[in-house]
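Numbering (this note's numbering), first residue to last: 47 to 366.
For glycine and all other residues, C-beta sits at the position ideal for the given N, C-alpha and C.
This structure is a prediction, so every number in the text was calculated from the model and none was measured.
Everything below concerns the one structure shown next.
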């Protein structure tokens with residue numbers, strides 16, 4: 047690829063690699079994706095390390111050390127492999143493709159719409175359960191739609207859009223480290239009683255890393271809706287969500303013209319969350335509209351990266 051692009055390589059290679067990785071990811075079976083493997087490893091480490099009799103400070107330290115146990119070897123091995131590879135670009139493409147969230151949730155949303163329209167709420171609850179932290183056994187149709195849209199937003203922001211932002215800026219190894227932190231923050235979320243203290247350190251790292259991604263994603267989604275309405279509501283929201291997760295939710299809600307957010311049932315606790323967007327109740331078809339908007343935003347980011355990288359490369363090389 048470097049021989050083909052020549053002096054344009056540093057600017058055009060990242061968006062081209064990302065674009066090919068996104069296309070390959072859509073063809074991969076869900077069981078091949080690294081998020082599932084990482085979840086198994088993270089659960090095994092948590093089972094060994096979490097001791098309920100330890101105080102909060104000890105558990106927070108244990109969580110940070112556990113994060114480093116995964117983070118340092120994984121990024122170190124990755125750096126060594128990339129350094130030794132004669133042609134690193136295919137390796138970049140494959141790794142990114144394996145880290146992206148895949149099509150599983152999008153396909154389940156299509157099935158959920160059919161199930162909800164035919165009154166099969168029990169099957170819809172089972173279909174959604176693997177993708178959300180919330181309890182789904184008592185969710186109404188409205189709750190299922192909200193949970194589906196919100197969980198898809200979170201997965202895309204912490205995986206797809208995180209790669210699209212950080213890979214061109216900081217390279218493969220650091221972008222992979224950021225992806226690992228985001229996935230561990232979900233696996234060891236402080237919202238669950240078992241990992242309440244254990245996951246606080248990784249959750250704080252994830253919070254700061256996710257802020258620029260959610261800000262840019264909210265800006266992108268607002269282009270298709272009512273940006274001023276979203277901005278005015280953002281100033282009124284009193285309860286901020288971690289990492290600015292409510293920013294893209296507000297933009298999505300105003301695009302759909304339907305309300306998102308609201309209380310969660312997590313384990314046996316009611317978790318108060320802000321209601322976002324217009325007061326209209328969302329319906330099943332809003333799931334598909336939200337999925338289409340996220341796909342459009344994904345390709346918009348890739349197009350802007352390619353056009354921006356090409357323009358910058360030509361400007362720096364005197365072609366403009």
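Secondary structure at residue 146: coil, using DSSP grouped into helix, strand and coil. Per DSSP, residue 312 is not a residue of any alpha helix (DSSP H); the beta strand (DSSP E) it occupies stretches across 310-312. For residue 122, the closest of 191, 226 and 313 by C-alpha to C-alpha distance is 226. For the segment 185-272, the continuous alpha helix (DSSP H) assignments of 4+ residues that do not extend past its boundaries occur at 187-201, 207-233 and 246-268, in sequence order. Boundaries of the alpha helix (DSSP H) around residue 335: 331-362.
Taking 8 Å as the upper bound for CB-CB distance, residue 179 and residue 194 are not in contact here, some 13 Å apart. Short of 8 Å from the beta carbon of residue 60, and not among the five residues preceding or following it, lie these beta carbons of its own chain, in chain order: 213, 214, 351 and 355. Here residue 260 is buried: its Cβ has 16 or more other Cβ atoms, across all protein chains shown, within 10 Å. Within the same chain, Cβ atoms closer than 6 Å to the Cβ of residue 177 are found at 151 and 197, the five residues on either side in sequence being excluded. Here the segment 337-346 does not lie against the segment 310-322, with fewer than 3 beta-carbon pairs under 8 Å apart.
Non-local beta-carbon contacts of residue 128 in its own chain, meaning distances under 8 Å to residues more than five positions away in sequence, involve 134, 137, 138, 218 and 219 in chain order. The three-state secondary structure of residue 111, taken from DSSP, is helix.
Minimum Cα-Cα distance from residue 158 among the listed residues 332, 320 and 199 corresponds to 332. Residue 78 sits away from residue 146, with the two beta carbons spaced by 8 Å or more.
At the C-beta level, residue 205 and residue 266 stay beyond 8 Å of one another.
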